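As they're listed, the protein sequences go chains A and B.
According to the numbering used here, the first sequence is numbered sequentially starting from 1.
According to the numbering used here, the second sequence is numbered sequentially starting from 1001.
Note that the Cβ used here is the ideal one computed from N, Cα and C, for glycine as well.
Note that the structure is predicted; figures quoted are calculated from it, not measured.
Input: a single structure, listed below in structure tokens.
There are 2 protein chains.
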Amino acid sequence: VDSARARAAAEDAVIVVAVPLPAVDEVLRRIAEIAPRALLTDVVSVKSPVVAAVRRIAPTARYAGGHPMAGAAVSGWAAGSATLFEHASWVVTVEPDTEVATWRAVAELALVCGARVVPATAAEHDTAVARVSHLPHVLAAVLASAGAAGGPLALALAAGSFGDGTRVAGSRPELVLAMCEGNREQLLAALDDALGKLGVASTGSLGATVRSGNEGRAALTRVQRGQRTLAKLDLTAADALDQLAELGRRGGWITGFDGDTALAELPEIPA
Amino acid sequence: VDSARARAAAEDAVIVVAVPLPAVDEVLRRIAEIAPRALLTDVVSVKSPVVAAVRRIAPTARYAGGHPMAGAAVSGWAAGSATLFEHASWVVTVEPDTEVATWRAVAELALVCGARVVPATAAEHDTAVARVSHLPHVLAAVLASAGAAGGPLALALAAGSFGDGTRVAGSRPELVLAMCEGNREQLLAALDDALGKLGVASTGSLGATVRSGNEGRAALTRVQRGQRTLAKLDLTAADALDQLAELGRRGGWITGFDGDTALAELPEIPA
């Protein structure tokens, strides 16, 4: 592995750190020794702790964090797939100290894997995934637990709504917990929000909750399957990083590069 | 319609009340006038209010309530399907004053439609569906609303767990609210339970919530797709109604009749 890192340094290849969060520090220490100026990314599902670790342990590395949002319920070598990243969203982080050339090198890696590249700050990424990746696992667990508390009769009567709502509760608890623990602070904020909304529903304003949920679901459909606008970003602009972050904030992504121009798509969201 | 009711009375046919809950009283008043001893059932998704209305308005009718647990997101004549009830669970209510012959006549109607018949008291039915039909809609709304509050970036990053968890939030709000309002008291109890579990998750015991949810999901799989035991119930027994209710309580259902014997299946649940 050390010889691979040395070769990466010699060839200026992108080093991809693909280990669980608790193992990141140790890997970064080896990289800082052998390839301190390496082009560096990672695929950890939470970004702020990795950005902080790189600043602390490998501060001279040319780093942009990554999170390919693809996966399967199965794991191990046999679960490998050459098409895993096709059409997936792959977040590449944009921080004030990110170099545009570094960001682009990592984005190009994601693009050749078939993914679309979503630029976001580490903090915005972590806030977003707390709501759309981690909160769904907690609510699925709550629903599965509350349903099972109804006994065999309730489970025998469960249909599509309960089956869909509890599907990810079938995930391995240790994997779910590791994912949630890594993003603890943001998840707690999302849980507080969900608790507030559920509390409102239980104290007489069920209509507001149900209508707000219906609007949220419609917004999901618009962002994911609605009309899209094409856009171009000039990567030589002084505020290129800000423009990338703003594109991500608006639900957009990068589909490729043409010279110094990043080609983008973004959903048309009615005002 | 009145002539149909008169003909039903003459032929001792089963009258099926298939109107929304707010319209039930008026229909029962007409039935009480024209066919006071009618064989009677209904297909309203909540059972205690209908049982109470029958006792009040049509007390001499031979009634067993029904709830065919099938449906689609579309409605109207064009959404009709001859196979809608195949393999669906169809609850037929068992109350202390239910006559076994009445219960069987309604159960046979469900069986010829291709459904399996789940016996349950109206109260137990309402408690169960609050947890597995109504609570899923509220939690889906909470999740969709909390996700959309994360803005377009969050929605662009949403994947399978968020999509599954919010699917029923796409249902028409007025239909969801009508369904929930009809079972308000039981739903509030289920919401309290969910609030408690979510509160536990947000105050440091996420592991307990996630593991309990994983066990709940495994219990669902066992009840719905696990090994089944065959059983027979003697409908001439003095406690036949209690036996039917107990079968339902254990997650079992009736698949047919052989003379005075009801043929049952029930899930094998490990102790």
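- Secondary structure of residue 1217 of chain B (DSSP, three-state): helix.
- The beta carbon of residue 1244 of chain B lies closer than 8 Å to those of 1094, 1103, 1119, 1233, 1254 and 1262 in the same chain, with the five residues before and after it left out.
- The alpha-carbon of residue 46 of chain A is positioned some 15 Å away from that of residue 1153 of chain B.
- When C-beta distances to chain A are compared with 7 Å, the residues of the region 1178 to 1197 of chain B below that value are 1180, 1188, 1190, 1191, 1192, 1193, 1194, 1195 and 1197, in chain order.
- Taken in chain order, the unbroken stretches of beta strand (DSSP E) that lie wholly in the region 31 to 117 of chain A and span 3 residues or more are 39 to 42, 66 to 69 and 89 to 93.
- For residue 1020 of chain B, the number of other beta carbons within 10 angstroms of its own is below 16, and it is reported as exposed.
- Closest option to residue 235 of chain A, judged by alpha-carbon separation, among A/36, A/99, A/11 and A/61: A/99.
- Considering only A/35, A/24 and A/28, the residue with the shortest C-alpha distance to residue 3 of chain A is A/35.
- Distance between residue 70 of chain A and residue 205 of chain A, taken at the CA atoms: about 37 Å.
- Put simply, the CB of residue 143 of chain A is near chain B, with a gap under 7 Å to one of its CB atoms.
- Per DSSP, reduced to three states, the secondary structure at residue 1127 of chain B is helical.
- For residue 1084 of chain B, same chain residues with a beta-carbon under 6 Å away, outside a window of 5 residues either side, are 1070 in chain order.
- The beta carbon of residue 240 of chain A sits closer than 6 Å to those of 100, all from its chain and outside the five residues before and after it, given in chain order.
- With the rule of 3 Cβ pairs closer than 8 Å, the region 1167 to 1174 of chain B counts as touching the region 211 to 219 of chain A.
- The bridge partners DSSP lists for residue 119 of chain A are A/92.
- Under DSSP, residue 254 of chain A forms a beta bridge with A/117 and A/264.
- At a Cβ-Cβ threshold of 7 Å, residue 41 of chain A and residue 64 of chain A count as neighbours.
- Among the residues of chain A, those whose CB is under 7 Å from the CB of residue 1213 of chain B are 140, 141, 142, 144, 145 and 169, following chain order.
- A contact is defined here as three or more CB-CB pairs under 8 Å, and the region 176 to 191 of chain A meets this definition with respect to the region 126 to 136 of chain A.
- For residue 1249 of chain B, the uninterrupted alpha helix (DSSP H) run begins and ends at 1240 to 1249, by DSSP.
- Taking all protein chains shown into account, residue 1145 of chain B has 16 or more neighbouring C-beta atoms within 10 Å of its C-beta and is therefore buried.
- The C-alpha of residue 1044 of chain B lies about 10 Å from the C-alpha of residue 1179 of chain B.
- Annotated three-state conformation of residue 191 of chain A is helix, per DSSP.
- Residue 1199 of chain B has its alpha-carbon roughly 36 Å from the corresponding atom of residue 1066 of chain B.
- Residues are counted here when their Cβ sits less than 8 Å from a Cβ of chain B; for the region 148 to 167 of chain A these are 148, 149, 150, 151, 152, 153, 154, 155, 156, 157, 158, 159, 160, 161, 162, 163, 164, 165, 166 and 167, given in chain order.
- In this structure, DSSP gives residue 1014 of chain B an extended state, which the three-state scheme calls strand.
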